[in-house]
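Novice: One structure, pasted below without further comment.
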Amino acid sequence: MIEKVELHQYHSDILVEKYINGWVMIRLNRPKTLHALDISLVTALTQIFTDFQYDDQVSAIWFDSTTPKAFCAGGDVRKLRQLILEDDEVGAESFFEKEYALDLLLHSYIKPIVVWGEGYVMGGGLGLFMAAPFRLVTPSSRLAMPEINIGLYPDVGASRFLADRGSIGLFTGLTGSIMTSAGAYAIGWATHICEASRDVVLDKLLNICWEDYPAGKFRALDDVLNSMHCPVAVGPLQSSLDAIHTVCRGNYFEQDYDAIVGLSEARSDWLRQASENLQKGSPATVAITWLLWKWGRQGHSWAEVFALEKEISAWKIRHSDFVEGVRARLIDKDLSPQWQSIQEYTLVGILASCPPVTTIESWNSLLKQYDII
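Heads up, the sequence shown is in the UniProt record's numbering, so the first residue is 1 and it goes up one at a time.
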């Protein structure tokens, strides 16, 4: 038994414990919302990680939730929608600003963070997950950026981590397709697959003797986690790679859209679902996701990524598709959103009437390239 102490309460929905061997455990505890992030939770997490970053008594951080059903299913978009309806766009923008600041902090964190990504890891939860160097999944893990279903867009760094995965990233962003642990590991979203229980994995990590690893703590964790990694059978993503590379070429928006729509006749249930998601999703989300992928392929720092996403989010929450998408999916649950009407399914046809112009010149240049502005 390793001695532990509970630290002062940063937030009623976050549990924080400190272990004498240098480990800190941070646990999200909003099970009724699948640990959805709101501004108070994000603010508290930022304070927690900031406090521990330069604490000499802290060697590593374990980050998970209190329930196996989800690590974090995303941001609390119901609250964001309500802010928009109350004409509090500033409050909604503040959430994104603080969320992206937390993500950026974790991407540059100087101490190792191990995230236990069991159950749903989606949206804002995937943003936190992808910011950690050690990303563990289990056979029950389900990962996705499903913003197409609610009229938002893949943010929290997805403008880069989707672009970094090439055609696969573009496909998952446009369709919101859900990945199993096998798929997540195959494309590098997860670093390890663990079939052992959380408690077994955690116990082994807590008992690491740091002195046995002169190369440092990151090497120690890598060695121990590699010893527990358990390959699993291929998932639907790996079985669909040929199709994904065929339909997502990233050269022409209309070509990619039509090709994915054509998967409605595919043999694979997973591919047919992807096609359906795209066809039923917000056109504005599809267009902005494709353009952000193109921008991300240019190569940008995390700071640049979050600076652009902050401005794109301010534009997107004011777009009627966001309020309507959340209503249809999460409020009334009729699954019949009335998206903003468009003249034709092209980038210009979708975005020219409400162009997402920002202060980021490289982004605006892309909009000019496609005659959106």
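For every residue, glycine included, the Cβ atom is placed at its ideal position computed from N, Cα and C. All values reported here derive from a predicted model rather than from experimental measurement.
So, are the CB atoms of D258 and A284 less than 8 Å apart?
Specialist: no
Novice: Among W290, S301, V326, whose alpha-carbon lies nearest the alpha-carbon of L367?
Specialist: W290
Novice: Nearest CA to the CA of V115: which residue from V348, S65, D256?
Specialist: Out of V348, S65, D256, S65 has the C-alpha closest to the C-alpha of V115.
Novice: What separation, rounded to the nearest whole angstrom, lies between the Cα atoms of V58 and F218?
Specialist: In a straight line, the C-alpha of V58 is about 13 Å away from that of F218.
Novice: If you run the structure through DSSP and keep just helix, strand and coil, what is W23?
Specialist: Three-state DSSP puts W23 in a strand.
Novice: Quick check on the DSSP output: what are the complete beta strand (DSSP E) runs of length 3 or more inside the stretch 304-355, in order along the chain?
Specialist: none
Novice: What does a CB cutoff of less than 6 Å around V234 pick up in its chain, not counting 5 residues either side in sequence?
Specialist: Cβ neighbours of V234 beyond the five flanking positions: A182.
Novice: Please go through the same chain and pick out, in chain order, the residues whose beta-carbon is closer than 6 Å to the beta-carbon of S12, but skip the five residues on each side of it.
Specialist: none
Novice: Of the choices L15, Q9, D76, E17, whose alpha-carbon is the least far from that of L330?
Specialist: D76
Novice: Please state whether DSSP places S94 in a helix, a strand or coil.
Specialist: helix
Novice: With three or more beta-carbon pairs closer than 8 Å as the criterion, would you say the stretch 89-103 touches the stretch 27-47?
Specialist: yes
Novice: Looking at the unbroken alpha helix (DSSP H) that takes in R198, where does it start and where does it end?
Specialist: 198-206
Novice: Measuring CB to CB, does K111 end up less than 8 Å from Q47?
Specialist: no
Novice: Where does the unbroken alpha helix (DSSP H) through A274 begin, and where does it stop?
Specialist: 269-280
Novice: Using DSSP with H/G/I as helix, E/B as strand and the rest coil, what is L7?
Specialist: The three-state secondary structure of L7, taken from DSSP, is coil.
Novice: For D269, which of G281, G250, A243 has the nearest alpha-carbon?
Specialist: A243
Novice: Please name the residue, chosen from S282, Y185, E97, D155, that lies closest to T138 on a Cα-to-Cα basis.
Specialist: Y185
Novice: Ignore the nearest five residues each way along the sequence and tell me which others in Y345's own chain have a CB closer than 8 Å to its CB.
Specialist: E254, Y257, P283
Novice: Between K333 and S239, what straight-line distance do the alpha-carbon atoms span, to the nearest angstrom?
Specialist: If I take the Cα positions, the gap works out to 32 Å.
Novice: Apart from the five residues on each side of it in sequence, which residues of its chain come closer than 7 Å, Cβ to Cβ, to residue 375?
Specialist: Residue 375 falls outside the range modelled here, since the chain spans only 1 to 373, and no answer is possible.
Novice: I need the DSSP call for Y54, collapsed to helix, strand or coil.
Specialist: In the three-state reduction of the DSSP assignment, Y54 falls in the coil class.
Novice: With the cut-off set at 8 Å, would you say A274 and I288 are in Cβ contact?
Specialist: no
Novice: Could you tell me whether the Cβ atoms of F71 and G119 are closer together than 8 Å?
Specialist: yes
Novice: Taking buried to mean at least 16 other C-beta atoms within 10 Å of its own C-beta, is E324 buried or exposed?
Specialist: By the neighbour-count rule (16 or more Cβ atoms within 10 Å), E324 is buried.
Novice: What does M179 pair with, by DSSP beta-bridge criteria?
Specialist: L143
Novice: Buried or exposed, going by whether 16 or more other CB atoms sit within 10 Å of the CB of M1?
Specialist: Summary for M1: the model assigns pLDDT 47, below 50, so the residue's position carries little reliability; its value from the coordinates is reported in the next sentence. By the neighbour-count rule (16 or more Cβ atoms within 10 Å), M1 is not buried but exposed.
Novice: Return the CA-CA distance between L80 and T33, expressed in angstroms with no decimal places.
Specialist: 14 Å
Novice: So, helix, strand or coil for T359, using DSSP?
Specialist: In the three-state reduction of the DSSP assignment, T359 falls in the coil class.
Novice: Could I get the ranges of all uninterrupted alpha helix (DSSP H) runs contained in the stretch 83-128, with 4 residues as the minimum, in chain order?
Specialist: Fully enclosed alpha helix (DSSP H) runs of no fewer than 4 residues occupy 89-107 of the stretch 83-128, in order along the chain.
Novice: Which partner residues does I193 have in the DSSP bridge list?
Specialist: V137
Novice: For a test of the three-state rule: what should DSSP assign to G75, helix, strand or coil?
Specialist: strand
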